[in-house]
Amino acid sequence: MRIKLKDDFDLRKIAESGQCFRWKACQDNTYRIIAAHRVLTAKQLFASGELELDCTQAEFQGFWRDYLDWDTDYKSIRNRVSTKDHFLSAAAEEEQGVRILRQEPWETLITFIISQRKSIPAIKTAVETLSRRAGDRIVGGGEPLFAFPTVGQLRALPPAELAACGLGYRTEYIYDAARSLPEEEKSLYALSRLGDEELFHALTAFKGVGKKVAFCTMLFGFHRLNAFPQDVWVNRILGEHYPQGFDLGRYAPYNGVMQQYMFAYYRAKADARAPQGGR
DNA sequence: GATCAGGTTTGCA
DNA sequence: TGCAAACCTGAT
Numbered sequence: 038m039r040i041k042l043k044d045d046f047d048l049r050k051i052a053e054s055g056q057c058f059r060w061k062a063c064q065d066n067t068y069r070i071i072a073a074h075r076v077l078t079a080k081q082l083f084a085s086g087e088l089e090l091d092c093t094q095a096e097f098q099g100f101w102r103d104y105l106d107w108d109t110d111y112k113s114i115r116n117r118v119s120t121k122d123h124f125l126s127a128a129a130e131e132e133q134g135v136r137i138l139r140q141e142p143w144e145t146l147i148t149f150i151i152s153q154r155k156s157i158p159a160i161k162t163a164v165e166t167l168s169r170r171a172g173d174r175i176v177g178g179g180e181p182l183f184a185f186p187t188v189g190q191l192r193a194l195p196p197a198e199l200a201a202c203g204l205g206y207r208t209e210y211i212y213d214a215a216r217s218l219p220e221e222e223k224s225l226y227a228l229s230r231l232g233d234e235e236l237f238h239a240l241t242a243f244k245g246v247g248k249k250v251a252f253c254t255m256l257f258g259f260h261r262l263n264a265f266p267q268d269v270w271v272n273r274i275l276g277e278h279y280p281q282g283f284d285l286g287r288y289a290p291y292n293g294v295m296q297q298y299m300f301a302y303y304r305a306k307a308d309a310r311a312p313q314g315g316r
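Residue 38 is where the first sequence starts when you use my numbering, and the numbers rise one by one after that.
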């Protein structure tokens, strides 16, 4: 199917914004996306301002519309940026099209636990390995693809298997997270009812989850658009451009979106300077 | 083959 | 409260 884009939407910028690790770049502005037990191939048609998706209307309405956060108006969020803030204005302008996906909370939590002290390629490899070893095979032709494992699947995974996924010291964190949830729990949806502050505390209660991973999980897995993860990159930005501190009161409740613009913009510039290493 | 990577915990002042 | 050191292992 094809669908007309109505506001900010750029597949490449989303793919490179560091929030998702199961998007694979293909040729011609096309990405293969794995989410839940589904696969989607999406192509951006810049000439017509459309998106081409290899799913039906019903699948789009029933799943991908929500996943892609189709109904949030990012243009109006972007327009909140103060023109006096030169860095953020430039970032929002340049990174127009970034969106915050509505990813599965459990997958997001575990993925960001894995992310600590790993490069993005290494994170992707680890997530693929874990999915292959513990997740369901996604039905369909072509190469075998695997869904991210559920709570139960990770709990049931023999410790040796988990240890063989190349997760290093994070193995124990993941093991603990799966064991700490009630037997019948399939995900973390029960936490959705919590307010931001309570959710933050619930997440940091998991071993191996500190401030940064908790905020990433809130932003990308629970769609709390005000969560403002501070990693080394954001800290560099704040040091360079906001020596007096970034005013979190100003853009509430959309601090997380602003963070994404800043992050993507700064990273893109850093990559342009040092294409190989990343720094 | 050394160095580093989108962090957290632990131990010690 | 604040600051280092240690932690596994893939990627470069």
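Even glycine gets a Cβ: it sits at the ideal position worked out from N, Cα and C.
For clarity, every value in this text was computed on a predicted model and none was experimentally measured.
- Apart from the 5 residues on each side of it in sequence, L228 sits with its Cβ closer than 8 angstroms to the Cβ of P142, L236, A239, L240, F259 in its chain, given in chain order.
- Contact annotation: D233 and N263 have beta-carbon atoms nearer than 9 angstroms.
- Between A73 and A214, the gap from beta carbon to beta carbon reaches 9 angstroms or more.
- For Q297, the uninterrupted alpha helix (DSSP H) run begins and ends at 292-310, by DSSP.
- Contact annotation: the region 121-138 touches the region 292-308, with at least three C-beta pairs closer than 8 angstroms.
- The shortest CA-to-CA distance from K249 to any of L231, V269, R261, R230 is the one to V269.
- The region 72-88 makes contact with the region 98-118: 3 or more CB pairs, one atom from each, lie closer than 8 angstroms.
- Nearest neighbour of G205 by Cα position, chosen from D284, I150, S126, A289, turns out to be I150.
- The alpha carbon of L146 has as its nearest neighbour, out of D65, N66, T254, E198, the alpha carbon of T254.
- If you look at I160, you'll find it in the alpha helix (DSSP H) that goes 157-171.
- Residue environment: R230 is assigned as exposed (fewer than 16 neighbouring CB atoms within 10 Å of its CB, all protein chains considered).
- By the neighbour-count criterion, in which a residue is buried when 16 or more other Cβ atoms sit within 10 angstroms of its Cβ, K223 is exposed.
- Nearest to I175 by C-alpha distance, out of L77, S217, Y288, is L77.
- If you ignore the 5 residues before and after P196, its C-beta comes within less than 7 angstroms of the C-beta of Y212, all in its own chain and listed in chain order.
- In this structure, the CA atom of C63 is about 7 angstroms from the CA atom of R69.
- Taking C-beta atoms under 8 angstroms as the contact rule, F58 and K161 qualify, at a distance of about 5 angstroms.
- The Cβ atoms of K80 and L48 lie closer than 9 angstroms to each other.
- The DSSP-derived three-state label of Y279 is coil.
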